[in-house]
Amino acid sequence: MRNNPDIHADLVAAEGESILVVNEIEDDANTLRQALHDAGYAVDTCTTCSEGNEILQNKNFDAIVCDQTLLLSDTTSFFEDIRRHSPSSSIILTSRSGSASDEVSAIRDGADDYLTIPFETIQLLVTLRKAKERNRLRNENERLRSQVAKRYSFGSIVAKSPTMMEIFETIKKVAEYRTTVMLYG
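Read in order, the letters of the sequence shown are residues 59 to 243 in the numbering used here.
Below, the structure is given as C-alpha coordinates:
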(Lines of atoms letter the chains of each structure in order from A and count residues from 1; the text may use other names and numbers.)
(Lines give C-alpha, C1' and ligand atoms only; values in the text may rest on other atoms or scores of the structure.)
Protein backbone atom coordinates (compact mmCIF):
# COMPACT_ATOMS: atom_id res chain seq x y z
CA MET A 1 0.00 0.00 0.00
CA ARG A 2 1.91 3.01 -1.30
CA ASN A 3 -0.10 5.48 0.76
CA ASN A 4 0.84 3.90 4.08
CA PRO A 5 1.46 6.94 6.34
CA ASP A 6 3.91 4.95 8.48
CA ILE A 7 6.32 4.53 5.56
CA HIS A 8 8.49 7.46 4.55
CA ALA A 9 8.05 8.34 0.86
CA ASP A 10 11.76 7.72 0.11
CA LEU A 11 11.42 4.13 1.28
CA VAL A 12 8.43 3.16 -0.85
CA ALA A 13 9.37 0.76 -3.64
CA ALA A 14 9.53 1.96 -7.20
CA GLU A 15 7.14 0.36 -9.67
CA GLY A 16 8.15 -3.23 -10.38
CA GLU A 17 10.69 -3.69 -7.58
CA SER A 18 10.57 -7.28 -6.38
CA ILE A 19 11.81 -9.20 -3.37
CA LEU A 20 12.21 -12.93 -2.71
CA VAL A 21 11.81 -13.88 0.96
CA VAL A 22 13.37 -17.23 1.91
CA ASN A 23 12.38 -18.20 5.44
CA GLU A 24 11.51 -21.62 6.84
CA ILE A 25 9.16 -20.12 9.44
CA GLU A 26 5.99 -19.44 7.50
CA ASP A 27 4.68 -16.82 9.94
CA ASP A 28 7.94 -14.85 9.63
CA ALA A 29 7.82 -15.12 5.83
CA ASN A 30 4.21 -13.90 5.78
CA THR A 31 5.00 -11.00 8.13
CA LEU A 32 7.86 -9.92 5.86
CA ARG A 33 5.70 -10.37 2.78
CA GLN A 34 2.97 -8.13 4.21
CA ALA A 35 5.39 -5.41 5.35
CA LEU A 36 7.17 -5.37 1.99
CA HIS A 37 3.88 -5.46 0.09
CA ASP A 38 2.67 -2.48 2.14
CA ALA A 39 5.81 -0.63 1.04
CA GLY A 40 4.98 -1.32 -2.61
CA TYR A 41 7.19 -4.31 -3.36
CA ALA A 42 6.14 -7.37 -5.33
CA VAL A 43 7.01 -10.24 -2.99
CA ASP A 44 7.50 -13.97 -3.54
CA THR A 45 8.14 -16.28 -0.59
CA CYS A 46 9.48 -19.79 -0.12
CA THR A 47 10.57 -21.91 2.83
CA THR A 48 13.70 -23.67 1.51
CA CYS A 49 16.85 -22.78 -0.42
CA SER A 50 16.00 -25.37 -3.08
CA GLU A 51 12.60 -23.71 -3.62
CA GLY A 52 14.42 -20.39 -3.80
CA ASN A 53 16.76 -21.75 -6.47
CA GLU A 54 13.80 -22.96 -8.55
CA ILE A 55 12.15 -19.55 -8.34
CA LEU A 56 15.42 -17.79 -9.22
CA GLN A 57 15.77 -19.84 -12.40
CA ASN A 58 12.57 -18.25 -13.73
CA LYS A 59 12.53 -14.76 -12.24
CA ASN A 60 14.95 -11.99 -11.27
CA PHE A 61 14.60 -10.07 -8.03
CA ASP A 62 15.95 -6.75 -6.84
CA ALA A 63 16.77 -8.35 -3.50
CA ILE A 64 16.62 -11.65 -1.67
CA VAL A 65 15.91 -11.60 2.07
CA CYS A 66 17.00 -14.93 3.52
CA ASP A 67 17.05 -16.28 7.07
CA GLN A 68 20.49 -17.51 8.06
CA THR A 69 19.20 -20.68 9.74
CA LEU A 70 18.42 -22.07 6.28
CA LEU A 71 22.04 -21.62 5.30
CA LEU A 72 23.83 -23.19 8.23
CA SER A 73 24.99 -26.12 6.13
CA ASP A 74 26.17 -24.28 3.03
CA THR A 75 25.90 -20.50 2.85
CA THR A 76 28.31 -19.99 -0.04
CA SER A 77 26.55 -22.56 -2.23
CA PHE A 78 23.21 -20.73 -2.01
CA PHE A 79 24.91 -17.36 -2.56
CA GLU A 80 26.67 -18.77 -5.64
CA ASP A 81 23.32 -20.01 -6.96
CA ILE A 82 21.84 -16.54 -6.43
CA ARG A 83 24.77 -14.85 -8.20
CA ARG A 84 24.51 -17.32 -11.09
CA HIS A 85 20.76 -16.92 -11.64
CA SER A 86 20.25 -13.33 -10.51
CA PRO A 87 23.64 -11.57 -10.39
CA SER A 88 22.30 -8.10 -9.71
CA SER A 89 20.14 -9.16 -6.75
CA SER A 90 21.14 -7.86 -3.35
CA ILE A 91 21.33 -10.51 -0.63
CA ILE A 92 20.11 -9.50 2.82
CA LEU A 93 20.59 -12.08 5.54
CA THR A 94 18.47 -12.13 8.70
CA SER A 95 19.48 -13.91 11.89
CA ARG A 96 18.33 -14.31 15.45
CA SER A 97 21.87 -14.71 16.79
CA GLY A 98 23.22 -11.30 15.82
CA SER A 99 26.81 -12.07 16.71
CA ALA A 100 29.49 -9.94 15.10
CA SER A 101 31.32 -13.02 13.82
CA ASP A 102 28.15 -14.28 12.10
CA GLU A 103 27.67 -10.89 10.47
CA VAL A 104 31.28 -10.72 9.25
CA SER A 105 31.07 -14.30 7.99
CA ALA A 106 27.84 -13.60 6.10
CA ILE A 107 29.29 -10.52 4.41
CA ARG A 108 32.48 -12.41 3.57
CA ASP A 109 30.41 -15.24 2.05
CA GLY A 110 28.56 -12.81 -0.22
CA ALA A 111 25.69 -11.18 1.64
CA ASP A 112 25.24 -7.49 0.93
CA ASP A 113 23.76 -6.74 4.33
CA TYR A 114 22.71 -8.37 7.59
CA LEU A 115 19.80 -7.71 9.94
CA THR A 116 19.42 -9.11 13.44
CA ILE A 117 15.93 -10.36 14.33
CA PRO A 118 13.86 -8.72 15.71
CA PHE A 119 14.12 -5.66 13.50
CA GLU A 120 11.74 -2.87 12.62
CA THR A 121 10.19 -2.74 9.16
CA ILE A 122 11.84 0.64 8.65
CA GLN A 123 15.28 -0.98 9.15
CA LEU A 124 14.54 -3.47 6.39
CA LEU A 125 13.26 -0.74 4.08
CA VAL A 126 16.36 1.40 4.69
CA THR A 127 18.56 -1.64 4.03
CA LEU A 128 16.73 -2.32 0.77
CA ARG A 129 17.07 1.33 -0.28
CA LYS A 130 20.83 1.23 0.43
CA ALA A 131 21.13 -2.00 -1.56
CA LYS A 132 19.30 -0.40 -4.48
CA GLU A 133 21.65 2.60 -4.38
CA ARG A 134 24.70 0.29 -4.29
CA ASN A 135 23.39 -1.54 -7.37
CA ARG A 136 22.73 1.75 -9.15
CA LEU A 137 26.27 2.93 -8.41
CA ARG A 138 27.73 -0.42 -9.50
CA ASN A 139 25.83 -0.27 -12.79
CA GLU A 140 26.86 3.34 -13.38
CA ASN A 141 30.47 2.46 -12.62
CA GLU A 142 30.40 -0.39 -15.15
CA ARG A 143 28.80 1.85 -17.77
CA LEU A 144 31.41 4.58 -17.24
CA ARG A 145 34.29 2.10 -17.33
CA SER A 146 32.94 0.75 -20.59
CA GLN A 147 32.70 4.25 -22.05
CA VAL A 148 36.25 5.07 -20.99
CA ALA A 149 37.58 1.79 -22.37
CA LYS A 150 35.85 2.41 -25.68
CA ARG A 151 36.93 6.04 -25.86
CA TYR A 152 40.57 5.35 -25.11
CA SER A 153 41.01 2.16 -27.07
CA PHE A 154 43.26 1.77 -30.07
CA GLY A 155 40.47 0.46 -32.29
CA SER A 156 40.19 3.70 -34.23
CA ILE A 157 43.92 3.85 -35.01
CA VAL A 158 44.87 2.13 -38.23
CA ALA A 159 48.13 0.31 -37.65
CA LYS A 160 49.20 -3.19 -38.50
CA SER A 161 52.97 -3.15 -38.31
CA PRO A 162 54.59 -5.20 -35.54
CA THR A 163 56.39 -2.09 -34.29
CA MET A 164 53.13 -0.17 -33.82
CA MET A 165 51.51 -3.17 -32.13
CA GLU A 166 54.45 -3.30 -29.72
CA ILE A 167 54.03 0.42 -29.00
CA PHE A 168 50.31 -0.10 -28.29
CA GLU A 169 51.16 -2.90 -25.83
CA THR A 170 53.68 -0.64 -24.09
CA ILE A 171 51.10 2.13 -23.83
CA LYS A 172 48.56 -0.29 -22.33
CA LYS A 173 51.09 -1.41 -19.71
CA VAL A 174 52.06 2.08 -18.57
CA ALA A 175 48.57 3.60 -18.90
CA GLU A 176 47.57 2.55 -15.38
CA TYR A 177 50.45 4.49 -13.77
CA ARG A 178 50.08 8.15 -12.91
CA THR A 179 53.30 9.33 -14.48
CA THR A 180 54.52 11.01 -17.62
CA VAL A 181 55.89 8.68 -20.28
CA MET A 182 57.59 9.69 -23.48
CA LEU A 183 57.78 7.25 -26.36
CA TYR A 184 60.18 8.12 -29.11
CA GLY A 185 61.82 6.42 -32.01
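Glycine included, each C-beta is placed from N, C-alpha and C at the ideal position. Note that the structure is predicted; figures quoted are calculated from it, not measured.
- Every alpha helix (DSSP H) stretch that sits fully inside the stretch 104-134 and reaches 4 residues is listed by chain position as 107-116.
- Bounds of any alpha helix (DSSP H) do not take in Leu241, whose DSSP letter is neither H nor E.
- The count of Cβ pairs closer than 8 Å, one atom from the stretch 105-124 and one from the stretch 194-201, stays below three, leaving the stretches out of contact.
- Runs of the alpha helix (DSSP H) spanning 4 or more residues and lying entirely within the stretch 179-220 occur at 179-209, in chain order.
- The DSSP-derived three-state label of Asp85 is helix.
- DSSP places Ile165 inside the alpha helix (DSSP H), whose first and last residues are Ala158 to Asp167.
- Gly98 has its alpha-carbon roughly 56 Å from the corresponding atom of Ala217.
- Taking C-beta separations shorter than 6 Å and ignoring five residues to either side along the sequence, Thr221 has no partners in its chain.
- For Ile175, the secondary structure class from DSSP, reduced to helix, strand or coil, is coil.
- Ranking Glu227, Asp139, Ala93 and Ala100 by CA distance to the CA of Cys107 puts Asp139 first.
- In the three-state DSSP reduction, Asp170 falls in the coil class, being neither helix nor strand.
- Taking each of Ser144, Ser135, Leu186 and Arg201 in turn and checking the Cα distance to Thr152, the smallest one comes out for Leu186.
- Between the C-alpha atoms of Glu200 and Pro145 there is a straight-line separation of about 14 Å.
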